[in-house]
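Right, one structure below, let's go through it.
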Amino acid sequence: MGCREWGSVLTDWALDELSPARARELERHLEQCQECAHAAQRLLSVRQALKSSLIDLDMPARVVVFGDKVVSRFAGFWAALLRTAALSTAAAVIFLAVVSAGFRFGGTRLVPVTAGAQPALTQAELHDFVAKAVAEQVSLQGKELQAATRDQVASLRQEQMENLKRFGQQLQSFELSLNTEYKETQQQSALLSVVAHEQQLPAH
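Spelled out as structure tokens, the structure:
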């Protein structure tokens, strides 16, 4: 199997989605292939940076617990995000927009940030990290394009645009689902408050 064919396997490995046998096979390849080992390290670094810097600024600083349905949607979105980034240089730039939106990912749930909490990376540090990651990816793709035909270049650009478009649609769907769940939670809380208040009123 050529190194290019290990791309999707590396992404699944970074997301802990490989079977134990497949993971051992990949790890043996990483011991022999320095290029794939560097690529694996970049994927893990990008994932860690995103997990440390996604902060929720739209919702108030209180604990908001979502059901399993919402958690599974977020997990699917996260996997799609990392896969899109691995496939497209342009998608790496979108990382900055996601981080700037201010979400923080904690374990498998979204959690609020208290007043004293600070992200693991500052915006400037994350901007510098992503800029370097983009530069590395551009350099790698530049080397590939030098040996590619004109048709191959056009096909690659088309694939990148399709990946970027799909990523944008997933991001919009994700934000909509969060806002909908949050509004429903607020409505339920208001209703419970009214009911509790009525129960405390003296009987006439």
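For the sequence shown, my numbering begins at 875 and goes up steadily by one. Ideal placement from N, C-alpha and C gives every residue a C-beta, glycine not left out.
List the endpoints of the continuous alpha helix (DSSP H) containing residue i.
i    : result
L862 : Nothing can be reported for residue 862, as the shown portion of the chain is limited to 875 through 1078.
Could you give the C-beta distance for residue i and residue j, rounded to a whole number, given that I count them as a contact under 8 Å?
i    : j    : result
L904 : L892 : That belief does not hold up - the Cβ atoms of L904 and L892 are roughly 12 Å apart, past 8 Å.
W887 : A914 : 7 Å
L918 : T885 : Not really, about 11 Å apart at Cβ, beyond 8 Å.
Kindly list the residues whose CB is nearer than 8 Å to the CB of residue i, restricted to its own chain and excluding five residues on each side of it in sequence; keep chain order.
i     : result
V883  : L892, R896, L900
Q1043 : none
I'd like the list of long-range same chain contacts for residue i, defined as Cβ closer than 6 Å, with 5 residues on each side in sequence excluded.
i     : result
W880  : C910
Q906  : none
R1040 : none
With a CB to CB cut of under 7 Å and the five nearest residues on each side skipped, what residues in its chain are close to residue i?
i    : result
R902 : none
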